[in-house]
Amino acid sequence: MFEKHTDIQFKSKAEIAAFQDERLRKTLDYVSKRSPFYKKLFSDNHINVADIRTVADLQKIPVTTKKDLQEHNKEFFCVPMEDITDIVTTSGTMGDPVIVGLTKNDLDRLAYNEFLTFSAAGLTKSDIIQEMTTIDRRFMAGLAYFLGAVELGAGVVRVGNGIPELQWDTINRIKPTVCMVVPSFLMKLIDYAEAHGIDYHNCSLKKAVCIGESLRNPDFSYTVLSQKIHDRWPELQLFTTYASTEMQTGFSECECGCGGHHQPELIVVEFLDENNQPVADDQPGEVTITTLGIEGFPLVRFKTGDVCYHHVEPCKCGRNTMRLSSILGRKGQMIKFKGTTLFPSSLSDVLDDIHGLAGYIIEVSTNDLGTDDIAIHIGKADPSDQFEKFLKDQFRAKVRVAPRIIFHTPAEMQAMQFPQMSRKPIKFIDNRKKII
Numbered sequence: 019m020f021e022k023h024t025d026i027q028f029k030s031k032a033e034i035a036a037f038q039d040e041r042l043r044k045t046l047d048y049v050s051k052r053s054p055f056y057k058k059l060f061s062d063n064h065i066n067v068a069d070i071r072t073v074a075d076l077q078k079i080p081v082t083t084k085k086d087l088q089e090h091n092k093e094f095f096c097v098p099m100e101d102i103t104d105i106v107t108t109s110g111t112m113g114d115p116v117i118v119g120l121t122k123n124d125l126d127r128l129a130y131n132e133f134l135t136f137s138a139a140g141l142t143k144s145d146i147i148q149e150m151t152t153i154d155r156r157f158m159a160g161l162a163y164f165l166g167a168v169e170l171g172a173g174v175v176r177v178g179n180g181i182p183e184l185q186w187d188t189i190n191r192i193k194p195t196v197c198m199v200v201p202s203f204l205m206k207l208i209d210y211a212e213a214h215g216i217d218y219h220n221c222s223l224k225k226a227v228c229i230g231e232s233l234r235n236p237d238f239s240y241t242v243l244s245q246k247i248h249d250r251w252p253e254l255q256l257f258t259t260y261a262s263t264e265m266q267t268g269f270s271e272c273e274c275g276c277g278g279h280h281q282p283e284l285i286v287v288e289f290l291d292e293n294n295q296p297v298a299d300d301q302p303g304e305v306t307i308t309t310l311g312i313e314g315f316p317l318v319r320f321k322t323g324d325v326c327y328h329h330v331e332p333c334k335c336g337r338n339t340m341r342l343s344s345i346l347g348r349k350g351q352m353i354k355f356k357g358t359t360l361f362p363s364s365l366s367d368v369l370d371d372i373h374g375l376a377g378y379i380i381e382v383s384t385n386d387l388g389t390d391d392i393a394i395h396i397g398k399a400d401p402s403d404q405f406e407k408f409l410k411d412q413f414r415a416k417v418r419v420a421p422r423i424i425f426h427t428p429a430e431m432q433a434m435q436f437p438q439m440s441r442k443p444i445k446f447i448d449n450r451k452k453i454i
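The sequence shown: position 135 = 153 (the numbering used here), numbered continuously.
Given below as structure tokens:
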């Protein structure tokens, strides 16, 4: 059974730091004995883990990258396969999916992680949580939410992703108070409700714990998408979360809405620059994690590719943990287009502010000159040259450059965004030539 410390987030910074140092030493001792990858890494670099006593000492260890996971996948497993209970894969958005295995204790840890997520959002055992995300297709998150709800003692109804009609039928029949959802799907729920005379303003749902898309800008204000949701459904309180399969841990907002809280019993976090050096507190850095308490697939100094700000001042909720901003962008998804540096999120902000789109996908590829090219696939029932000009004018006004626009029917766009093997809606496709 995973050891739980529900009060550590509320301790002093000194107590939190000492607690993390102790947990880190246990993790390093574990991987130095159990992980084929880290055994070799430590040996090749003449590292004695007994010399690494604090989080600051982690800088003595080389970072682990996504490429390492892909090329040495099996070498990261610390237990034999007969001790693995659940097998999942990463999403594969930055290359081939990586296989990750969890022991029974790792599943207990995963449940505890989501218990903390739900608790931060003010959920209790009196709530009923409607899962509007898939629990299958090798997807860790859907199972995590279910286990977290069980840990909390709340009710849970597993509807899965999509199908607004079934979602509303479930809401009307079972009266859930909370939903787990990708934020953009809330817009589809609102559209369906308005088209079918459903009084969503007075339905049972009061909170939405959101995944997959950022709700907040770095200053904690709403993004274009979340502002639109709030304007149309002000009774629904939105909470943003950030997590990944590799870290098996989440960063979740409390009701103050000012960043995702670090869970110090589950993970060590560093923010590194291009040279793998720590950034200053007021600078963005790549989120680099060391997992704590994981048996099956632990990671040390894994660079996630996500660039974020972090905040170290105490939160109004009483927690003294570090808080994570929304993702500024994925390091590997940065686009250089016509002399302008962009992340997909800046293009999404433009598109989310335009009414009447039946979905969109941002596609980046390599053109004949070897530079980045952007095509925006738009779902639209009645496209026109005038509307295309309007779209390009919006891009020029807000990001200074205008990508190509390719229109599709709403049905075609639905099929593109939700292919048969997809676990989440597809909004970004990277078809750039990879440099070997």
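Ideal placement from N, C-alpha and C gives every residue a C-beta, glycine not left out.
Bear in mind the structure is a predicted one, so any value in this text is a computation, not a measurement.
Cβ shell of residue i (< 7 Å), same chain only, five flanking positions each side left out
i           : result
residue 81  : 294, 306, 319 and 321
residue 34  : 26, 282, 338 and 339
residue 156 : 106 and 107
residue 436 : 180 and 443
residue 121 : 97, 101, 102, 103, 313 and 314
residue 252 : none
Straight-line gap, residue i to residue j (C-alpha atoms, nearest Å)
i           : j           : result
residue 303 : residue 191 : 46 Å
residue 385 : residue 291 : 29 Å
residue 199 : residue 147 : 11 Å
residue 125 : residue 210 : 36 Å
residue 79  : residue 41  : 17 Å
residue 197 : residue 59  : 43 Å
residue 153 : residue 163 : 9 Å
residue 448 : residue 223 : 36 Å
residue 453 : residue 84  : Unreliable positioning characterises residue 453 in this predicted model, as indicated by a pLDDT of 45, which lies under 50. A coordinate reading is not provided.
residue 100 : residue 425 : 50 Å
residue 388 : residue 353 : 13 Å
residue 30  : residue 22  : 18 Å
residue 228 : residue 404 : 35 Å
residue 204 : residue 133 : 23 Å
residue 331 : residue 265 : 24 Å
residue 422 : residue 246 : 25 Å
residue 450 : residue 428 : 26 Å
residue 183 : residue 189 : 10 Å
residue 66  : residue 269 : 31 Å
residue 37  : residue 308 : 14 Å
residue 168 : residue 130 : 10 Å
residue 296 : residue 143 : 40 Å
residue 118 : residue 401 : 44 Å
residue 414 : residue 28  : 46 Å
residue 325 : residue 215 : 42 Å
Beta-carbon proximity list for residue i, same chain, < 8 Å, skipping 5 on both sides
i           : result
residue 356 : 419
residue 417 : 358, 360, 364, 365 and 368
residue 74  : none
residue 175 : 146, 147, 148, 149, 188, 192 and 194
residue 267 : 131, 261, 281, 284, 285, 307 and 309
Run of the beta strand (DSSP E) containing residue i, from where it starts to where it stops
i           : result
residue 262 : 255-262
residue 107 : 104-107
residue 45  : First-last for residue 45: 31-52, but that is the alpha helix (DSSP H), not the beta strand (DSSP E).
residue 354 : 353-355
residue 148 : 146-149
Rounded Cβ spacing between residue i and residue j (contact assumed at less than 8 Å)
i           : j           : result
residue 170 : residue 128 : Not confirmed; about 13 Å, so no contact.
residue 396 : residue 380 : The Cβ separation is near 10 Å, so there is no contact.
residue 218 : residue 342 : So it is not a contact: roughly 31 Å between Cβ atoms.
residue 256 : residue 233 : 5 Å
residue 263 : residue 271 : Contact doesn't hold; Cβ gap of about 21 Å is too wide.
residue 123 : residue 20  : 6 Å
residue 201 : residue 244 : 6 Å
residue 136 : residue 94  : About 29 Å separates the two Cβ atoms, so there is no contact after all.
Bridge-paired residues (DSSP) for residue i
i           : result
residue 390 : 384
residue 304 : 290 and 325
residue 225 : 196 and 255
residue 234 : 240
residue 448 : 382
residue 118 : 106
residue 427 : The partner list for residue 427 (beta bridge, DSSP) is empty, contrary to what the question assumes.
Sequence-distant residues of the same chain with beta carbon closer than 6 Å to residue i, five excluded per side
i           : result
residue 371 : 242
residue 173 : 146
residue 45  : 310
residue 160 : 151, 152 and 153
residue 273 : 140
residue 431 : 376, 377 and 397
Residue-level contact to chain D via CB, residue i, 7 Å cutoff
i           : result
residue 314 : No chain D appears in this structure, which consists of one protein chain only.
Element boundaries [alpha helix (DSSP H), containing residue i]
i           : result
residue 239 : Note, residue 239: premise wrong, no alpha helix (DSSP H); not H, not E.
residue 273 : Here residue 273 belongs to no alpha helix (DSSP H), and DSSP marks it neither H nor E.
residue 414 : 403-417
residue 203 : 201-213
residue 168 : 158-170
residue 368 : 362-370
residue 85  : 84-89
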